[in-house]
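> Handing you a structure now.
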Amino acid sequence: MGLADTHRRSLEDSAAFWSKASKLIAWSRAPSQVVPESSGRWQWFADGRLNTCFNALDRHVIAGHGDRVALVWESAMTGAQERFTYAALQRAVEVCAAMLVNLGVGHGDRVVIYMPMIPEAVIGMLACARIGAVHSVVFGGFAAPELAARLDDAGPKVILTASCGFEPGRVINYKELVDEALAMADNDICAVVVKQRPQLPAKLQPGRDLDWNAEMEAHAGAKLACVDVASGDPLYILYTSGTTGRPKGVVRDNGGHAVALAWSMRHIFGIEAGDVWWAASDIGWVVGHSYIVYAPLLIGATTVLYEGKPVGTPDAGTFWRICARHRVTGLFTAPTALRAIRRADEDGAHVREQVLDALEALFVAGERLDDETATWARNVLGVPVVDNWWQTETGWPITAGSRETRASGGRPTPGFNVVVLDANGRDVPRGGEGSICLRLPLPPGVTTAIWNDPDRFASEYLTAYPGYYHTGDSGYIDDDGTVQVLGRTDDVINVAGHRLSTGVLEGLLATHHSVAECAVVGLDDPLKGQVPHAFIVLKNGADHQDPAVADELVRLVRARFGAVAALREVHVVAALPKTRSGKVLRRTIRDVAQGQTVDTPPTIEDPSVLAVLKTQLGVRPAKSAHNIGRRTKGAAP
8 MGLADTHRRS
18 LEDSAAFWSK
28 ASKLIAWSRA
38 PSQVVPESSG
48 RWQWFADGRL
58 NTCFNALDRH
68 VIAGHGDRVA
78 LVWESAMTGA
88 QERFTYAALQ
98 RAVEVCAAML
108 VNLGVGHGDR
118 VVIYMPMIPE
128 AVIGMLACAR
138 IGAVHSVVFG
148 GFAAPELAAR
158 LDDAGPKVIL
168 TASCGFEPGR
178 VINYKELVDE
188 ALAMADNDIC
198 AVVVKQRPQL
208 PAKLQPGRDL
218 DWNAEMEAHA
228 GAKLACVDVA
238 SGDPLYILYT
248 SGTTGRPKGV
258 VRDNGGHAVA
268 LAWSMRHIFG
278 IEAGDVWWAA
288 SDIGWVVGHS
298 YIVYAPLLIG
308 ATTVLYEGKP
318 VGTPDAGTFW
328 RICARHRVTG
338 LFTAPTALRA
348 IRRADEDGAH
358 VREQVLDALE
368 ALFVAGERLD
378 DETATWARNV
388 LGVPVVDNWW
398 QTETGWPITA
408 GSRETRASGG
418 RPTPGFNVVV
428 LDANGRDVPR
438 GGEGSICLRL
448 PLPPGVTTAI
458 WNDPDRFASE
468 YLTAYPGYYH
478 TGDSGYIDDD
488 GTVQVLGRTD
498 DVINVAGHRL
508 STGVLEGLLA
518 THHSVAECAV
528 VGLDDPLKGQ
538 VPHAFIVLKN
548 GADHQDPAVA
558 DELVRLVRAR
568 FGAVAALREV
578 HVVAALPKTR
588 SGKVLRRTIR
598 DVAQGQTVDT
608 PPTIEDPSVL
618 AVLKTQLGVR
628 PAKSAHNIGR
638 RTKGAAP
């Protein structure tokens, strides 16, 4: 059955659909109540009981698949590699869980995990799930004040960390950052467990800090069964960006999460038990939670954990070598990673060096997928490039393409009733742009709560359009039902009363043969209200001082949109500031370009990129020697 028919069936008879899907999961008490009560918090499978760690590990070992490889770790930063079978990973998790219990952690207690992309981070997450504790993964390397704010909000008993992590060309002292955060936080921590890495061992504080290896060895003989929890009990808290400056901890449940991820792994991504799957993300992001750790293990697949970058560790062929070495069936990454690889290897020479006969599809999410990047990837890899769109709050794709389509976003997945509304909350006809919303109730796996703030979920997501979840994204639905996601609603700029999507402008600029990456932001203008400014990164070999590039881009936009677009400023920059998940920090670019004082965002991947951007742009973009954009002859004033 196609995705469109499956989606329709999920809305027409949600009880039957999700009751069948729930059988993908082993329950200690099967739910008799599948769909939420209308007056409740949309708690799916409310009376069911289960354990997520049991579903991810134990049941596969019990079924005789203990020798199957569960986790493959590759570190481009250290050269280390490691493999864990399901039996070995189960044993490591069991020991870690015993360690946590010995430290006083129990059902409902919180554990903060502040680690790089190493196996111990995955082991810690699953150990928390095993004992019914709630984990909160914070990016390793996150600034101390940001970590402190999350410690205060989550209130953990224990921190699991490492002595250090790596970025290209530098070593980050994690333990030092943890110590700084604890000095700022108003929180009593029972213990800090440190995985010592030989490149930078940490000094441990007596009475509080413990050595990971020593503690694991001390509990090596422990046997610890999984703790049954209610379907609605929290599995994890994941902090995402908020509008108030306070940490916003998205809460994920156990039951709905497990069912949704197991279903999506098979039916959206086409991955089955025994397949090798690689989500090239970070466990600090929702993609890492859902599709590095939980989803592949829930269905009995092999998951790849990678410590490194798509380029520069050591080159643009890293992804393809890993895919070939481990015979990866499906690869999931961000468009920005593909753009970086394309910029360094336009003709795909690194791809041709590898045998990628096991690779069946490339999946992308996290940023809008432009046609140029999709076409390039499809041509050099020879496999379908499948887009999907979702959010931290949803936990799994709202829309997804198929291996036969090239849609940006795709069609709605089961349980997501996607509509486009205008400013007055009315349905927008097919093809008309508006705010993308989800008709309530939301499907399994989607959060309905923010940690420590019971009213915040409703106030941030449900008030703008009563009866709907407001995604914060703009777009439209094609005649064939494909959802086209154009960008965040605050990325729609108003030029002299005309609404323009910066995502559409970026897609057009990306078609130019010299453009590797681009971002468009709206800057304040006393006459037009806002005007678009383009910030572009040129491909390797392009002339960065050639004003013809800017002229051609201005004419390209004018030919498509006419003078109303008013694009006259094109800035060539060395790089675009991004988060560690690959999202371009457009608001930061806009603020820098308008001369505002901009602090380094805690989610930024490389702070030096922002420093270079500030230097290039100066107080205002017009003062920058790198602003090669200019008004072309005949352009609108």
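Residue numbers for the sequence shown follow the working numbering, so the first one is 8 and each next one is one higher.
Using N, Cα and C, we set each Cβ at its ideal position, and we do this for glycine too.
#1: Report yes or no: do the segment 104-111 and the segment 216-226 share at least 3 C-beta pairs separated by less than 8 Å?
#2: Keeping to the same chain, check which residues put their C-beta closer than 8 Å to that of Pro163; ignore five residues upstream and five downstream.
#3: Per DSSP, which one or two residues make a beta bridge with Asp394?
#4: Where does the unbroken alpha helix (DSSP H) through Ile241 begin, and where does it stop?
#5: Comparing C-alpha positions only, which one of Lys30, Gly214, Thr470 and Gln97 sits nearest to Lys230?
#6: Exposed or buried, what is Ala414 when buried is set at 16 or more other beta-carbons lying within 10 Å of its beta-carbon?
#7: Could you check what DSSP says for Thr478 in three-state terms: helix, strand or coil?
#8: Measuring CB to CB, does Ala341 end up less than 8 Å from Val362?
#9: Is the CB-CB distance between Ser481 and Gly514 below 8 Å?
#10: Looking at C-alpha atoms only, which residue of Asn220, Leu217, Asp160 and Gly172 is the closest neighbour of Gly315?
#11: What's the gap between the Cα of Val490 and the Cα of Arg36?
#12: Measuring CB to CB, does Ala169 end up less than 8 Å from Gly488?
#13: If you compare alpha carbons, which of Val528, Leu563 and Asp532 is closest to Asp598?
#14: Have a look at Val7 and Pro404 and give me their C-alpha separation to the nearest angstrom.
#15: By DSSP's criteria, Pro539 is part of a beta bridge. Which residues make up the other side?
#16: Would the segment 255-273 count as touching the segment 25-35 if we require 3 or more Cβ pairs under 8 Å?
#17: Unbroken alpha helix (DSSP H) runs of length 4 or more, entirely within the segment 294-321: which are they?
#18: Flag this pair as yes or no: are the beta carbons of Gln537 and Leu530 separated by less than 8 Å?
#19: Going by DSSP, what residue range makes up the alpha helix (DSSP H) through Gly408?
#20: Would you call the segment 295-313 and the segment 68-80 in contact, with 3 or more CB pairs under 8 Å?
#21: Please name the residue, chosen from Ala198, Gln203 and Glu222, that lies closest to Pro213 on a Cα-to-Cα basis.
#22: I'd like the list of long-range same chain contacts for Ala323, defined as Cβ closer than 6 Å, with 5 residues on each side in sequence excluded.
#23: Going by Cα to Cα distance, which pick from Gly147, Leu469 and Ala136 is closest to Thr455?
#24: What is the rounded straight-line gap between the Cα of Tyr313 and the Cα of Pro584?
#25: Report the residue from Asp460, Gly337, Trp396 and Pro473 whose alpha carbon sits nearest the alpha carbon of Leu428.
#26: Which residue comes first and which comes last in the beta strand (DSSP E) that contains Asp216?
#27: Which residues in the same chain as Glu400 place their Cβ atom closer than 6 Å to its Cβ, once the five residues preceding and following it in sequence are excluded?
#28: When the Cβ atoms of the segment 234-242 are set against those of the segment 53-64, are three or more pairs found closer than 8 Å?
#29: Considering Arg647, what are the terminal residues of the beta strand (DSSP E) in which it resides?
#30: Give me the Cα-Cα distance between Ala140 and Glu19, rounded to the nearest whole angstrom.
#31: Taking 6 Å as the limit between beta carbons, can you name the residues of its chain near Leu110, skipping five residues before and five after?
#32: Buried or exposed: Pro450, going by 16 or more other Cβ atoms within 10 Å of its Cβ?
#33: For my contact list, Thr604 and Leu617 are in at a C-beta cut-off of 8 Å; report their separation, rounded to the angstrom.
#34: Evaluate the contact criterion for the segment 65-75 versus the segment 147-162: three or more CB pairs, one atom per stretch, below 8 Å.
#35: Report all residues from its chain with a CB closer than 7 Å to the CB of Lys621; omit the five preceding and five following residues, and keep chain order.
#36: With Val502 and Pro533 assumed to form a contact (beta carbons below 8 Å), what rounded beta-carbon distance in angstroms separates them?
Taking the geometry as given:
#1: yes
#2: Asp116, Arg117, Val118, Val119, Ser143, Asn194 and Ile196
#3: Val371
#4: Per the sequence shown, the amino acid found at residue 241 is Pro instead of Ile. It is not in any alpha helix (DSSP H) - Pro241 instead sits in the beta strand (DSSP E) that spans Pro241 to Thr247.
#5: Gln97
#6: Low confidence applies here, because Ala414 scores a pLDDT of 47, under 50, leaving its location unreliable; read the following figure in that light. With 16 or more Cβ atoms within 10 Å of its Cβ, Ala414 is classed as buried.
#7: strand
#8: no
#9: no
#10: Gly172
#11: 38 Å
#12: no
#13: Val528
#14: Residue coverage of the chain in this structure runs from 8 to 644, which leaves residue 7 outside it and unanswerable.
#15: Gly529
#16: yes
#17: 302-305
#18: yes
#19: Segment: none, Gly408 is in no alpha helix (DSSP H) and carries neither H nor E.
#20: yes
#21: Ala198
#22: Ile348, Ala351, Asp352 and His357
#23: Leu469
#24: 22 Å
#25: Pro473
#26: Asp216 to Asp218
#27: Val257 and Thr454
#28: yes
#29: There is simply no residue 647 to check, as the chain begins at 8 and stops at 644 in what is shown.
#30: 36 Å
#31: Val165, Cys197 and Ala198
#32: buried
#33: Not a contact, Cβ separation roughly 13 Å.
#34: no
#35: Val599
#36: Wrong, their Cβ atoms sit about 13 Å apart, outside the cutoff.
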